[in-house]
Structures are given as structure tokens and as C-alpha cells.
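Okay, structure first, notes after.
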Amino acid sequence: MNIIVIGGGIIGASIAYHLAVRGAAVTVLTDGRPGGVATAASFAWINAAPGNSRPYFELRVKGILEWHRLQHELGERLAINWNGSLTWTNDHPAMATQFAEHASWGYPTRMVSSSEAAQQEPFLVSYPDQAAHSPLEGSLSPSETAHVLLEAAAEHGARISTDGVQSLVSRNGRITGVQGEANEIIADHVVLAAGIACERLAGAVGVKIPMANRLGFLAQSAPLPPTLSGLVLAPQAHMRQNADGRIVVGADFAGGAAPDDEDAAAENLLASVRGLLTSGDDVVMDRHTLGLRPVPADGLPIIGSVAQLPGLYVTVMHSGITLAALVGRLAAEEILSARPVDILAPYRLARFDGV
Ligand SMILES: Cc1cc2nc3c(=O)[nH]c(=O)nc-3n(C[C@H](O)[C@H](O)[C@H](O)COP(=O)(O)OP(=O)(O)OC[C@H]3O[C@@H](n4cnc5c(N)ncnc54)[C@H](O)[C@@H]3O)c2cc1C
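Read in our numbering, the sequence shown has 110 at position 118, and its numbers run on one by one without any break.
Take a look at the structure:
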């Protein structure tokens, strides 16, 4: 089966890998350097933390577990920090209630004392009386991981091209391929994994993808010696340390306006890091990124075949880092078997019918 995957971010890379391993003839078109757009700007926290409905929480837990499965498949080259997270907020009673609910859902999370928190993260300046420790959570280097998955896909015969797709091609009511930069490429299936560009590419063939993308601003320090064990989610900032030693920091999961002065905003983020770490004086600015989170209008992923246009399979979501290993496998299985996977039923594009 010939399959085109549009997108070289973490979602396209994972789908391409899982298709190629299963014997499909895969062409990935990335429109420039592989590694993704949202992916490259991501905080890259793998989690099923509070704030979601129970069914979506359960999908996210499966997402976490699938990264372990993928690590068994790919070995050491798929590096993930599995040292968990430490969270505290200014509203301790509300947080304790939220985390207690998650614990009752079976999520490994519990409130720990300041001394236990210090064992988890020894290099913080001070510790809250109570923090939530969630040992199942992790983080990865997002673009590097997309590269690893694309390399693994190529080892199974996938062709990776940096060409862009100008449009999807439809004939007789089905998608038959794409118009590339130079010529039309024919395929049995086209997987649209183009992040925020999904909306435009699908819209041009009459498929509406309702999106409510949100901004996300992060700063990164120059590399430091090992300082953070896992993720630290404090009221003033959330941060983690990349495998290359850089501290990645953000302060806002909700989105909001772009900073008026990005350099100043990044300096503020690093000032928070300096206030949190015992080695704060060594924290030096390296870069900052303003990314767009691809967020479907109701906040939930869109995954699956498009009923009105056979041959087209769409994947666009936030929390693509958490979900990429799972979505890659399930998308590959749905496309190759032509059988829907039940747990994806709530995430079909058809739920937006009538928008
Ligand atoms: C600031 C920020 C923080 C985040 N934090 C987290 C987090 O902590 N945990 C989490 O799980 N998720 C997080 N996310 C969300 C997560 O990063 C995304 O859900 C995920 O990266 C989406 O991956 P993707 O492959 O779908 O899209 P992208 O990474 O955007 O990749 C899209 C790909 O499509 C390609 N493309 C676009 N147009 C075309 C075209 N015409 N032809 C060919 N190719 C094309 C692009 O070049 C790119 O390769 C965060 C996102 C941001 C921005």
C-alpha cells in the first residue's frame, strides 16, 4: 500500500515509522527541515496530569505507556527522561483535591513532604510543605525524537523528502494523492499530519477542521551540568532539563497574547529559574521560542479517516508529544486494516458536524 504522510513533526514521524514497520510503502513530505513546527517549540512533557475528562485522561495514560513500548522497539536511541514530575501551586487545597481525584482514577501521584520533594529534586532553593509527585511522567527532546522516528522509518524503507505539499488531490470523491512542488504524487492513502497547516490543506478540498490554536512561549538556558532530575511545575514557572543540559522553561499553559518584548519575557522566565535553582547564578539565556499549539476547537485530538473524502486520514492535536507513540501505532493499524479502533471513536472529525 502506498501512503503519503504530510508532516515531519512528532506525529507524522511516528505514523510514518509505524506504517513502514508494518510493510507500507511510505513517503513523508516535510516542507523543509524535518523535526516539526509545534514539535520544535514544545515543552515536551509526557503526562496525564489533572485538567482533563476521565476518558481523555485514560487515552493519555495509554499514550505514556506506548512510549515505553516504543522504547523497547527502538532501544537506546529513543531517549526519554522518566524521572517524573513535582508540582505545587499557591492554592494547595484545590491542588490536593485535584490530585486526589487522579489518584482515585489509578494515576500514580501522591502528595509528598518537603523532604521527599528534596530527595526528588535536590537542587531547588526551597521546597513547599506539600507537592504532588507523579512518577509516571516524563519528557523528551521533541525534534530529536521526531528525527529518530524518521530515521527508523527510513530504515524500513520510508522515503523522507523535504518537499512541501501544495494541495491534496481528489478525484471521483476520494483523495488520490498530493500536488508536490514539482509533480503530482499518487497514493492509496494520504495522512495529513501537518500541525496547524492541516486546517488550510484540508479546507482547500472542502474538509473543515475547526481549530482554536494557542500561543506558547518558552525560553531555554545555555547548557548546565545535571541540575533537574525530572519536571518541576512551580507557581512561577514550569521547567525541565534537556538531555543536552539546557533548562527549558515556560510559565503559561493556557496561551494568551504574544509578549510585546520577547527578549524581556524570556529574561523574566530565566529569572524565575534563577530563583528556583541553587545554581541559579549559572543560568544564562540561550534562546526563546514563540510557538503555536495546534489545538482543535474543543481541545481534544482529531484522529481518523475523513468520511466525506475516502483516502484521507487526519491527525491534529495538542499534547502530541504525550500521544505520538500511541497515535502513530493506532493510525497505522486503522489505515492498514481498514478497521476502526474503538478507543479513537471520541476523537473523529465527524464530531464537529454542523460547524
Ligand atoms: C509551547 C508549546 C508547548 C507544548 N507543550 C506540550 C507538552 O508539554 N506536552 C505535549 O504533549 N504537547 C505539548 N505541546 C503540543 C505538541 O508540541 C504538539 O501537539 C505536537 O508537537 C504536534 O506535532 P505535529 O507533528 O502534529 O505538528 P508539527 O510539529 O507542527 O509538525 C507539522 C509538520 O507538518 C509540516 N508541514 C506543514 N505544512 C506542510 C505542507 N504544505 N507540506 C508538507 N509538510 C508540511 C511541517 O513542516 C512540520 O514538519 C506544546 C506545544 C507548544 C507550541
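Using N, Cα and C, we set each Cβ at its ideal position, and we do this for glycine too.
Original post:
Can we count Asp155 as close to ligand 1, meaning its CB is less than 8 Å from some heavy atom?
Top reply: Your numbering for residue 155 matches position 163 in the sequence shown. The beta carbon of Asp155 sits closer than 8 Å to at least one heavy atom of ligand 1.
**OP:** Determine, using beta carbons only, whether Ser131 and Gly208 come nearer to each other than 9 Å.
**Re:** The sequence position of residue 131 within the sequence shown is 139, counting from 1. The sequence position of residue 208 within the sequence shown is 216, counting from 1. In this structure, Gly208 does not lie closer than 9 Å to Ser131 by Cβ.
**OP:** State the CB to CB distance for the pair Ile358 and Val308, rounded to an integer number of angstroms; the pair is presumed to be in contact (CB under 8 Å).
**Re:** Past the edges of the chain, shown from -7 to 347, lies residue 358, and the structure says nothing about it.
**OP:** Could you check if Leu57 is buried or exposed, using at least 16 other CB atoms within 10 Å of its CB as the buried criterion?
**Re:** Residue numbering aside, residue 57 sits at position 65 when the sequence shown is read from its first letter. The residue is exposed, with fewer than 16 neighbouring Cβ atoms inside 10 Å.
Subject >> Residues of its chain near Ala246, where Cβ-Cβ distance is below 8 Å and the 5 sequence neighbours each way are ignored >> reply: Residue numbering aside, residue 246 sits at position 254 when the sequence shown is read from its first letter. For Ala246, where only same-chain residues beyond five positions count, the Cβ hits under 8 Å are Arg206.
Original post:
What residues match up with Trp37 in a beta bridge as DSSP calls it?
Top reply: Here residue 37 refers to the residue found at position 45 of the sequence shown. According to DSSP, which records beta bridges pairwise, Trp37 is partnered with Ser131.
Subject >> Contact belief for Ala381 with Thr79 at Cβ below 8 Å, rounded distance in angstroms >> reply: Absent from the model: residue 381. The displayed extent of the chain is -7 to 347, so no value can be given.
Original post:
Is Gly187 near ligand 1, with its Cβ less than 8 Å from a heavy atom?
Top reply: As a working mapping, residue 187 is identified with position 195 in the sequence shown. Yes, the beta carbon of Gly187 sits closer than 8 Å to at least one heavy atom of ligand 1.
Original post:
What first and last residue would you give for the alpha helix (DSSP H) that runs through Val224?
Top reply: Mapped onto the sequence shown, residue 224 falls at position 232. Element bounds for Val224: not the alpha helix (DSSP H) but the beta strand (DSSP E), 223 to 225.
Subject >> Straight-line gap, Arg166 to Leu216 (C-alpha atoms, nearest Å) >> reply: Counted from its first residue, the sequence shown places residue 166 at position 174. Counted from its first residue, the sequence shown places residue 216 at position 224. Computed Cα separation, rounded: 52 Å.
Original post:
Between Glu259 and the rest of its own chain, which residues show a CB-CB distance below 7 Å, the 5 nearest in sequence each way excluded?
Top reply: Within the sequence shown, residue 259 is the residue found at index 267, counting from 1. These residues qualify, in order along the chain: Met277.
Original post:
How big is the Cα-Cα spacing for Leu51 and Arg340?
Top reply: Here residue 51 refers to the residue found at position 59 when the sequence shown is read from its first residue. Here residue 340 refers to the residue found at position 348 when the sequence shown is read from its first residue. Each residue's Cα considered, the two are about 14 Å apart.
Original post:
Going by C-alpha distance, which of Asp274, Leu318, Gln171, Glu93 is nearest Thr4?
Top reply: On the sequence shown, residue 4 is found 12 positions in, with the first residue counted as 1. Looking at the sequence shown, residue 4 is not Thr but Gly. The shortest C-alpha separation from Gly4 is found at Leu318.
Original post:
Measuring CA to CA, which of Phe115, Val18, Ala324, Arg69 is closest to Ala235?
Top reply: Taking the sequence shown and counting its residues from 1, one reaches residue 235 at position 243. Ranking the options by Cα distance to Ala235, first place goes to Arg69.
Original post:
By how many angstroms is the C-alpha of Ile152 removed from the C-alpha of Arg390?
Top reply: This structure cannot settle anything about residue 390, because the visible part of the chain is limited to -7 through 347.
Subject >> Which listed residue (Glu325, Gly242, Ile335, Ser106) has its alpha carbon closest to that of Gly15 >> reply: As a working mapping, residue 15 is identified with position 23 in the sequence shown. Of Glu325, Gly242, Ile335, Ser106, the residue nearest in Cα terms is Glu325.
**OP:** Name the two residues that bound the continuous alpha helix (DSSP H) containing Thr79.
**Re:** Looking up residue 79 in the sequence shown gives position 87. Not the alpha helix (DSSP H): Thr79 falls in the beta strand (DSSP E), residues 77 to 79.
**OP:** Tell me whether the beta-carbon of Val29 lies closer than 9 Å to the beta-carbon of Leu193.
**Re:** For the purposes of this step, residue 29 is identified with residue 37 of the sequence shown, where counting begins at 1. For the purposes of this step, residue 193 is identified with residue 201 of the sequence shown, where counting begins at 1. Between Val29 and Leu193, the gap from beta carbon to beta carbon reaches 9 Å or more.
Original post:
Looking at Ser126 and Ala36, is the spacing between their C-beta atoms short of 9 Å?
Top reply: One-based indexing of the sequence shown puts residue 36 at position 44. One-based indexing of the sequence shown puts residue 126 at position 134. Result no, Cβ atoms of Ala36 and Ser126 do not sit closer than 9 Å.
Original post:
For the alpha helix (DSSP H) that Ser264 lies in, which residues bound it at each end?
Top reply: Translated into the one-based positions of the sequence shown, residue 264 becomes position 272. Looking at the DSSP string, the run of the alpha helix (DSSP H) that includes Ser264 is 254 to 268.
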